[in-house]
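From first to last, the protein sequence lines are chains A and B. Residues in the first sequence are numbered consecutively from 212, following the working numbering. Residues in the second sequence are numbered consecutively from 186, following the working numbering. All C-beta atoms in this analysis are idealised placements derived from N, C-alpha and C, irrespective of residue type, glycine included. Values in this document were obtained by computation on a predicted structure and should not be read as measured data. Beneath this line is the structure, given in structure tokens, with notes to follow.
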Amino acid sequence: MFFDLSWIVHWGLLTVVGLLGIGIFLPSVFYRNAHVQNFVAHGAAMAGSVAGIALGIAGLLAPTAATFSVSSNLPLLTFQIRVDPLSSFFVLIISLSGLAVSQFAVGYVREFEARYSIGTMGGLYNAFLLSMILVVLADNGFFFLIVWEIMSLVSYFLVVTEHEKAETRYAGFFYLIMTHVGTAFIIVAWLVFYQQAGSFSFEIFRHPPAPIPEGFRTLIFATALIGFGTKAGIIPLHVWLPYAHPAAPSHISALMSGVMIKTAIYGLVRVYFDFLGGAFPWWWGFLILTIGAVSALLGVMYALMEHDLKSLLAYHSVENIGIILMGIGAGMIFQSYGLPHLAALGLLAGLYHTINHAMFKGLLFMGAGSLVHATHTRDMEEYGGLIRKMPWTAAFFLIGAVSISALPPSNGFVSEWLTFQSLFLSFQIPDLLLKIILPISAAMLALTGVLAMACFAKAFGISFLAMPRSAHAREAKEVPLTMRIGMGLLAGFCLALGFAPMVVVPLLDRVTAGFTGVTIAEKIVAGGGFALAPGLGIGFASISTPVLAVLLAILIPAALLASAALGGRLRKRYTKTWGCGINLKPRMEYTATGFTQPIKQVFDMIYRPTVKLETEMLEESRYFAKRMRFETHIEPVFQKYLYDPVVKVLQKLADRVRVIQSGSLHVYLAYIFVTLLVLLLWVR
Amino acid sequence: MIESVLITVVQMIVALLASPFIVGLIRKVKAHLQCRQGPGWLQPYYDLAKLFRKDVVVSTHTSWIFTATPYILFSSTLTAVLLVPIFLSKVPLNFAGDIITVVYLLALGTFFLMLAGLDAGSAFGGMGSSREAIVASLTEPAMILSIFAVGLTAGSTNLSTIVHKTALLQGIVTDPPPHLMALAALFIVTLAETGRVPVDNPATHLELTMIHEAMILEYSGRYLALIEWASALKLLLFLTLISNVFAPWGIATERTPVWMAFGVAVWLVKVSGLAVLIGLIESMFAKLRLFRVTDFLGLAFILSLLAIIFFYILRG
Chain A
212 MFFDLSWIVH
222 WGLLTVVGLL
232 GIGIFLPSVF
242 YRNAHVQNFV
252 AHGAAMAGSV
262 AGIALGIAGL
272 LAPTAATFSV
282 SSNLPLLTFQ
292 IRVDPLSSFF
302 VLIISLSGLA
312 VSQFAVGYVR
322 EFEARYSIGT
332 MGGLYNAFLL
342 SMILVVLADN
352 GFFFLIVWEI
362 MSLVSYFLVV
372 TEHEKAETRY
382 AGFFYLIMTH
392 VGTAFIIVAW
402 LVFYQQAGSF
412 SFEIFRHPPA
422 PIPEGFRTLI
432 FATALIGFGT
442 KAGIIPLHVW
452 LPYAHPAAPS
462 HISALMSGVM
472 IKTAIYGLVR
482 VYFDFLGGAF
492 PWWWGFLILT
502 IGAVSALLGV
512 MYALMEHDLK
522 SLLAYHSVEN
532 IGIILMGIGA
542 GMIFQSYGLP
552 HLAALGLLAG
562 LYHTINHAMF
572 KGLLFMGAGS
582 LVHATHTRDM
592 EEYGGLIRKM
602 PWTAAFFLIG
612 AVSISALPPS
622 NGFVSEWLTF
632 QSLFLSFQIP
642 DLLLKIILPI
652 SAAMLALTGV
662 LAMACFAKAF
672 GISFLAMPRS
682 AHAREAKEVP
692 LTMRIGMGLL
702 AGFCLALGFA
712 PMVVVPLLDR
722 VTAGFTGVTI
732 AEKIVAGGGF
742 ALAPGLGIGF
752 ASISTPVLAV
762 LLAILIPAAL
772 LASAALGGRL
782 RKRYTKTWGC
792 GINLKPRMEY
802 TATGFTQPIK
812 QVFDMIYRPT
822 VKLETEMLEE
832 SRYFAKRMRF
842 ETHIEPVFQK
852 YLYDPVVKVL
862 QKLADRVRVI
872 QSGSLHVYLA
882 YIFVTLLVLL
892 LWVR
Chain B
186 MIESVLITVV
196 QMIVALLASP
206 FIVGLIRKVK
216 AHLQCRQGPG
226 WLQPYYDLAK
236 LFRKDVVVST
246 HTSWIFTATP
256 YILFSSTLTA
266 VLLVPIFLSK
276 VPLNFAGDII
286 TVVYLLALGT
296 FFLMLAGLDA
306 GSAFGGMGSS
316 REAIVASLTE
326 PAMILSIFAV
336 GLTAGSTNLS
346 TIVHKTALLQ
356 GIVTDPPPHL
366 MALAALFIVT
376 LAETGRVPVD
386 NPATHLELTM
396 IHEAMILEYS
406 GRYLALIEWA
416 SALKLLLFLT
426 LISNVFAPWG
436 IATERTPVWM
446 AFGVAVWLVK
456 VSGLAVLIGL
466 IESMFAKLRL
476 FRVTDFLGLA
486 FILSLLAIIF
496 FYILRG
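In structure tokens:
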């Protein structure tokens, strides 16, 4: 058995790299036929993802971590790979999403065939998947940085696929700068490790020859937080997300939002729990928890105000990263108070939400992609009534919406519930402040959950229900089967993760056990395997999503039968909706803007909305308006007060520096000469 | 096993039968305070029976969401009711969900109701859904925190454990101040979540003020009956929470038929008392403006938060 698993790990790894490698280069060979390129590229990606799923599961179950290493001619760089439970878990997430998204892409990329080179797009797509898998597998700091940078650059190229649009170029540029700021901080973290431990090997990071002093540990903590936080999109480093994710083609958005930002979560868990291992000061976890709570709440609040469906989803990524960090932060707090079981629970809740978010966010982005495919607009105010034109897309989007809103018995509910429990179990911490803070963050999580539900009631209701609001929506058609299968796969994964937590929790337990030293799966999975009870010996509470699902599945038909018994056969009459005596027009429907108006007004302290209303009256009477113009914006607080000043200072500095840039070749030659002279004097 | 199933079924039937009575009781109290006789005790039952037999008018603009919502709402509310101790402190299904599950199950119904409000394309439905969104988002954090404040004493968020331990006064140092604050918070939440004055008015169909009624404006016949019944169940659920979480005494702590029958009687008295109180409040207060509601609900949130802080401070 053990031999088999290591065999699967070994060959799975080779197959993944091989197939995705083929997927990078082979599509370009068939440059004459875009169709063939499409099939080759995404076929290779799907095959690679299947191998990746096998690798991930085998790596999770394997009793020991497997390492592979190829040395290189460059100093400090060895291509070291380590398949341990944490990296296997993330390989599994990447591959599950990769499989579904590649399937979806076969149909979705069709519309790009006439305009762009599918060979390049498909090759980059495979490179993107491969680089993400290598990021989570890398076991050497230098190697990690190389694949991390490849991942960032490839995703940048994919974001600017539609480069003829100015807004796309702007989004891409913004992303490029932000991601490199992040990378710079990661480099600093690695350099501190290198300086302290004397190697770039993760193995040495893990077990440095001499313990790293507290000050340097804190430095690593902070730089890793900023570096990975930029990629994850924590507030206030989230500003690139709502630009870059909508600008990319939708299958790329699905991967970026569902999977790529998770590599940052991987990085944080790897650095904090693995490298810095265990003994944190309490304020580290507290900081992570606070950032998580703020990101979750503000993320969902900004999402509510978005009417661009893909920007809305991008802000929800900020929210969900926040929820993940709340679980991880709670785990870190417990860890520093020597409560390993609770630490494992918090971390497990965070990781559970990580895989859940990858599944439903990928699904929702594909749903949004289908809407864009069918209507050629991202503006929700132009959708409407699409449930009749696109019943499959609507059903899949609804599953995603219920999951992300954490409504039982979905997968989002399970992981948010586990997060709630780990926050409530804070009463075991011997510190009054934290005892009070953790329930408050639980309340923020509750508020986040309900606002997410409101946001998806808006997103689904305005897009799919009532009457079409524009010609685009009236002429929409259901998307092709290839795309529907892609969405169906992730919808199925969402349902499975919700109904079978007793299978998922033991797998996650293998990840957390390595960091906390305790296994909690047997304690959590209760009730003959059908319930989760993370009381860890004190019986705090339990849930059972399978039982809830069965109850709902029994009671819905029971309600149907009972009402038939009470009232006989159902007689329906069909008429139009009553429009107070006039014909109901789409313009009379509630809009997305109108739907969120009360929320905007209640939380105006956060949104700081500006409203501009111009009314032109009839000349005959000042009571009858001839024309009205209404404009409303919410203030982009972070960009205005945090980023703009920095950009201004940079621009001023650049202006100063420009003095030496005369544009004359002679002057540059003189610079080179002087530099050479100075250097020669220096080394003499 | 069979006993557990039986108890669950009995609990379901008791709740289904008692819920219209509570609605009728509130109406009766209000009628009396307005010096009217009011309709008879059985009127809510007659209404339901009649609605079940009537034709359903469905708008041609709607989709399957509109048709499915009444059934989803009804069954999710009923599932939530099964998780709450009514006459027996340890309900057989207590392992399937705790208070957070109850809150989120009710949210599942609200989510579909909000969708149904948007489905018909009428502006009223959208208005109702939009307002429901803000009211729901302000009440749920307060609700979770207030129950958690009580859960701290019992060491559980599981409703059955809370009720059982409180009923037996087991290992409990009763902390009156936090409990009273949590009680006040939960009562405000109850008024808001069940669409009562001063947050919403179940008796109005005035366009500019309605919230819950606006969402269900397009419903008729059997669908309306299911929704009304689900609303009544929700009201009953909240009153049961208040009475059994804060004063569970009299509830059966063991599965003996006599004690459980006694439990039903005691519970009926308690929820009827609360229903009378709600009737009084509805007669004495005016409905608040929508944007004043937020202050009222903010009060509930602050109270529940204070309850937790006081709990820890009093414990030291």
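Under 7 Å by beta carbon: chain B residues contacting residue 643 of chain A
497
Does the distance from the C-beta atom of residue 314 of chain B to that of residue 302 of chain B stay below 8 Å?
yes
Looking at chain C, which residues of the region 346-376 of chain B have a Cβ within less than 9 Å of any of its Cβ atoms?
Absent from the structure is chain C; the protein chains it does hold are A and B.
Would you call residue 196 of chain B buried or exposed, if buried means 16 or more other Cβ atoms sit within 10 Å of its Cβ?
buried
Is there contact here, the region 275-290 of chain A with the region 344-351 of chain A, by at least three beta-carbon pairs under 8 Å?
yes
Hey, residue 330 of chain B and residue 619 of chain A: beta-carbon distance below 8 Å or not?
no
Count the other C-beta atoms from every protein chain shown that fall within 10 angstroms of the C-beta of residue 682 of chain A, then say buried if there are 16 or more, exposed otherwise.
exposed
Less than 8 Å separating the beta-carbons of residue 396 of chain B and residue 406 of chain B?
no
Mind checking residue 794 of chain A: buried by the 16 CB within 10 Å criterion, or exposed?
exposed
Leaving out five residues before and five after residue 500 of chain B in sequence, what residues of the same chain have Cβ atoms less than 7 Å from its Cβ?
none
Are the CB atoms of residue 309 of chain B and residue 409 of chain B nearer to each other than 8 Å?
no
For the alpha helix (DSSP H) that contains residue 869 of chain A, what are its first and last residues?
No alpha helix (DSSP H) contains residue 869 of chain A, which DSSP labels as neither H nor E.
Step through the CB atoms of chain B and report whether any lies within less than 8 Å of the CB of residue 783 of chain A.
yes
Grouping DSSP H, G and I as helix and E and B as strand, with all else coil, what is residue 826 of chain A?
strand
For chain B, is any of its Cβ atoms less than 8 Å away from the one on residue 673 of chain A?
yes
If we require 4 or more residues per run, which alpha helix (DSSP H) segments fall completely within the region 430-471 of chain B?
442-469
Counting only Cβ-Cβ distances shorter than 8 Å, please list the residues of the region 777-801 of chain A near chain B, keeping chain order.
777, 778, 779, 781, 782, 783, 784, 785, 786, 787, 788, 789, 790, 795, 797, 799, 800, 801
Just to confirm, is the Cβ distance from residue 205 of chain A to residue 336 of chain A under 8 Å?
Any property of residue 205 of chain A remains undetermined from this structure, which presents chain A solely from 212 to 895.
If contact is defined by three or more beta carbon pairs under 8 Å, each pair taking one atom from either stretch, is the region 558-567 of chain A in contact with the region 451-458 of chain A?
no
With DSSP run on the structure shown, which of helix, strand or coil describes residue 801 of chain A?
coil
On the three-state DSSP scale, how would you describe residue 295 of chain B?
helix
Contact set between residue 631 of chain A and chain B, taken where Cβ atoms lie within less than 7 Å:
285
Tell me where the alpha helix (DSSP H) around residue 259 of chain B begins and ends.
249-267
With respect to the alpha helix (DSSP H) encompassing residue 294 of chain A, which residues constitute its N-terminal and C-terminal limits?
Unbroken run through residue 294 of chain A is the beta strand (DSSP E), 289-294; no alpha helix (DSSP H).
Taking the Cβ atom as the reference point for each residue, do residue 259 of chain A and residue 224 of chain A lie within a distance shorter than 8 Å?
no
Quick one: list the residues of chain B neighbouring residue 294 of chain A, beta-carbon separation under 8 Å, in chain order.
Here the premise fails: no neighbours, minimum Cβ distance about 36 Å.
Please report the distance separating the alpha-carbon of residue 501 of chain A from that of residue 658 of chain A.
15 Å
Short check: CB of residue 227 of chain A to CB of residue 344 of chain A, under 8 Å?
yes
Flag residue 201 of chain A as yes if its beta-carbon sits less than 8 Å from any beta-carbon of chain B, otherwise no.
With chain A covering only 212 through 895, there is no way to say anything about residue 201 of chain A.
Since residue 520 of chain A meets chain B, which of its residues come closer than 9 Å, beta carbon to beta carbon?
By Cβ distance, chain B contributes nothing, its closest Cβ being about 16 Å from residue 520 of chain A, past 9 Å.
Would you say residue 385 of chain B lies against chain A (beta-carbon separation less than 8 Å)?
no
So, are the CB atoms of residue 256 of chain A and residue 270 of chain A less than 8 Å apart?
no
Around the C-beta of residue 577 of chain A, are 16 or more other C-beta atoms found within 10 angstroms, so that it is buried, or is it exposed?
buried
In the region 548-573 of chain A, which residues sit with their C-beta less than 7 Å from some C-beta in chain B, listed in chain order?
none
According to DSSP, is residue 238 of chain B helix, strand or coil?
helix
Start and end residues, alpha helix (DSSP H) containing residue 879 of chain A:
876-894
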